[in-house]
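Visitor: In our numbering, the protein residues as written are 7 to 417.
All residues carry an ideal CB built from backbone N, CA and C; glycine is no exception.
Have a look at the structure that comes next, please.
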């Protein structure tokens, strides 16, 4: 069995290799025209040439676009903080193809390292080669991981930071956990929800480290790029018009598909209502997290901490205005830990129990292999409720399951 599993792993890894090489050779053609790494790379390259980080990236920066190919794809503006672009800057010392190959190799290595660590830290019995390779196969077979690599996104880097931070915080290594979460927060603001979680837990040392690292990284971005870059970054976030894109699983993305405010034809034209509902549910989610974290603080245990950490991962994607599918690799620790912390039910179908069946349902919904549908093309109930809803439903199921388990764990 282990030998066969290693063969499956090798086949999956080879498929990723073919994908990365194809994208590196032709970064601006067909489905690769919206490669996010091309935007990161182009933005950093523009800075080296004396331009702005937040000017739209021109496709001809990467490839000559013959007229017979039709209209050039409209690359987007970089939507990441200046510090993130500082991390990408060294890659511009290479040509696009080798830079993308290196980025993808580091991304996959981060994901594999995260799953290896997760398998070891979540193991309750003796070591098993089948389990070890199974975790690696789970990573590569998970559709959001494929999406992350296809778009050259950062989901696997974030996964490694999250797993390392979880391990450190679980063992009482607050300084290390705060450093790791500070790095994640400096790159992706939605990690700020962990500040709330650990504030309620009164892990002050962790919060201090998290704040210091965030301020240090922000200062580095300011030193390199100046105040104007941060002002342009804030302005670029205000210009987003595609919240309803099918891969956006957040509260705001779901309600804008139904009520307007994005580029699609909506069921009703009530964009303000969409924002009000998303904001109200985000506040409710934050209050719920505070309440449950307080229960963890009053009655600490490894199980309660794991469930609270997992709930924070899920809620930060729901609350963020852009909770994209390529951040869903962050859910892999959630699936593993919730499975570990639920017991099979005797007499239930296949002995799994309601909680594990809900977990399986959330997993299946989270990895339905549907290509991204642009906001302007989501114009029917099928698009709003199915292709634009399945990933959102997955997060809702996980959030509800985690809340239920957190409450029952206190009884």
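Hey, how far is the Cα of residue 304 from the Cα of residue 296?
Guide: The straight-line gap from Cα to Cα measures roughly 12 Å.
Visitor: Determine the direct distance from the alpha carbon of residue 252 to that of residue 37, and round the result to whole angstroms.
Guide: Only weak support exists for where residue 37 lies, its pLDDT of 44 falling under 50; the value from the coordinates is given anyway. Their Cα atoms are separated by approximately 15 Å.
Visitor: Using the Cα positions of residue 263 and residue 154, report the straight-line distance between them to the nearest angstrom.
Guide: Whole-angstrom Cα-Cα distance: 23 Å.
Visitor: Should residue 91 be labelled buried (16 or more other beta-carbon atoms within 10 Å of its own) or exposed?
Guide: Looking at its Cβ environment, which holds 16 or more other Cβ atoms inside 10 Å, residue 91 is buried.
Visitor: Is it a yes or a no for the region 336-350 touching the region 174-181, going by three-plus beta-carbon pairs under 8 Å?
Guide: In short, these stretches do not touch, since the Cβ pair count stays below three.
Visitor: Please give me, in chain order, every unbroken run of the alpha helix (DSSP H) with length at least 4 that falls completely inside the region 162-222.
Guide: The region 162-222 contains these whole alpha helix (DSSP H) runs: 180-193 and 199-206.
Visitor: Taking just the CA atoms, how far does residue 138 sit from residue 380?
Guide: Taking the straight line joining both Cα atoms gives about 37 Å.
Visitor: Leaving out five residues before and five after residue 25 in sequence, what residues of the same chain have Cβ atoms less than 7 Å from its Cβ?
Guide: If we look at residue 25 and ignore the five residues flanking it on each side, its Cβ neighbours are 155 and 156.
Visitor: Is it buried or exposed, residue 165, if we count other Cβ atoms within 10 angstroms and call 16 or more buried?
Guide: So residue 165 ends up on the buried side.
Visitor: Mind checking whether residue 175 and residue 183 have CB atoms under 7 Å apart?
Guide: Yes, the Cβ-Cβ distance between residue 175 and residue 183 is below 7 Å.
Visitor: Taking all protein chains shown into account, do 16 or more other C-beta atoms lie within 10 angstroms of the C-beta of residue 238, making it buried, or fewer, making it exposed?
Guide: Result: buried.
Visitor: Among the residues of its own chain, which have a CB less than 8 Å from the CB of residue 12, if the five just before and after it don't count?
Guide: Hits under 8 Å: 139.
Visitor: Tell me whether the beta-carbon of residue 326 lies closer than 7 Å to the beta-carbon of residue 256.
Guide: Yes, the pair counts as a contact, with Cβ atoms nearer than the cut-off.
Visitor: Contact check, residue 162 vs residue 113 under 8 Å by CB: the rounded distance?
Guide: Right, the Cβ-Cβ distance comes to about 5 Å (below 8 Å), so this counts as a contact.
Visitor: Would you mind working out which of 309, 274 and 323 sits nearest residue 198, comparing C-alpha positions?
Guide: Of the candidates 309, 274 and 323, the one whose C-alpha sits nearest the C-alpha of residue 198 is 323.
Visitor: Could you give the residue range of the alpha helix (DSSP H) that holds residue 315?
Guide: Per DSSP, residue 315 belongs to the alpha helix (DSSP H) from 308-325.
Visitor: In three-state DSSP terms, what is residue 254?
Guide: It is a strand residue.
Visitor: Among the candidates 258, 396, 407 and 241, whose CA atom is the shortest distance from the CA of residue 60?
Guide: It is 241 whose Cα lies nearest to the Cα of residue 60.
Visitor: Helix, strand or coil: which one does DSSP assign to residue 109?
Guide: Note: residue 109 maps to helix in three-state DSSP.
Visitor: Grab the span of the alpha helix (DSSP H) containing residue 249 for me, first residue to last.
Guide: Note, residue 249: premise wrong, no alpha helix (DSSP H); not H, not E.
Visitor: Quick one: Cα of residue 313 to Cα of residue 206, how far?
Guide: Residue 313 and residue 206: Cα-Cα distance of roughly 15 Å.
Visitor: Taking 7 Å as the CB-CB limit, is residue 284 close to chain B?
Guide: The structure shown contains no chain B; it is built from a single protein chain.
Visitor: Can you tell me the Cα-Cα spacing of residue 27 and residue 329, whole angstroms?
Guide: The straight-line gap from Cα to Cα measures roughly 28 Å.
Visitor: According to DSSP, what are the bridge partners of residue 330?
Guide: Paired residues: 254.
Visitor: Given a cut-off of 7 Å, decide if residue 280 and residue 265 are closer than it, judged by their beta-carbon atoms.
Guide: Yes, these two residues count as a Cβ contact at 7 Å.
Visitor: When you compare the region 220-230 with the region 189-197, are there three or more beta-carbon pairs, one atom per stretch, that lie closer than 8 Å?
Guide: At 8 Å Cβ cutoff, the stretches touch.
Visitor: Do the region 201-220 and the region 44-63 make contact, defined as three or more Cβ pairs closer than 8 Å?
Guide: Contact between the region 201-220 and the region 44-63 is absent, because fewer than three Cβ pairs lie under 8 Å.
Visitor: May I ask you to report which of helix, strand or coil DSSP gives residue 300?
Guide: In the structure shown, residue 300 sits in a helix (DSSP, three-state: H, G or I).
Visitor: To the nearest angstrom, report how far apart residue 202 and residue 316 are at their CA atoms.
Guide: Going from the Cα of residue 202 to the Cα of residue 316 covers about 14 Å.
Visitor: Which whole-angstrom value describes the C-beta separation of residue 144 and residue 243, a residue pair presumed to lie in contact below a C-beta threshold of 8 Å?
Guide: Between residue 243 and residue 144 the Cβ distance is about 34 Å, and since that is not below 8 Å, they are no contact.
Visitor: Where do the ends of the alpha helix (DSSP H) carrying residue 2 lie?
Guide: With the chain covering only 7 through 417, there is no way to say anything about residue 2.
Visitor: Might you give, ordered along the chain, the residues of its own chain that have their beta carbon closer than 7 Å to the beta carbon of residue 127, omitting 5 neighbours on each side?
Guide: Counting only Cβ-Cβ distances below 7 Å, and skipping sequence neighbours, we find 173.
Visitor: Thinking just about the alpha-carbon of each residue, which of 342, 300 and 399 is nearest to the one in residue 412?
Guide: The candidate whose alpha carbon is nearest that of residue 412 is 300.
Visitor: As a quick exercise: from 405, 392 and 149, pick the residue whose alpha carbon is nearest that of residue 21.
Guide: For the residues 405, 392 and 149, the minimum Cα distance to residue 21 belongs to 149.
Visitor: Out of curiosity, what's the CA-to-CA distance linking residue 204 and residue 212?
Guide: Cα to Cα, residue 204 sits roughly 8 Å from residue 212.
Visitor: In the DSSP assignment, the alpha helix (DSSP H) including residue 53 goes from what residue to what residue?
Guide: 42-54 is the span of the alpha helix (DSSP H), which, as asked, contains residue 53.
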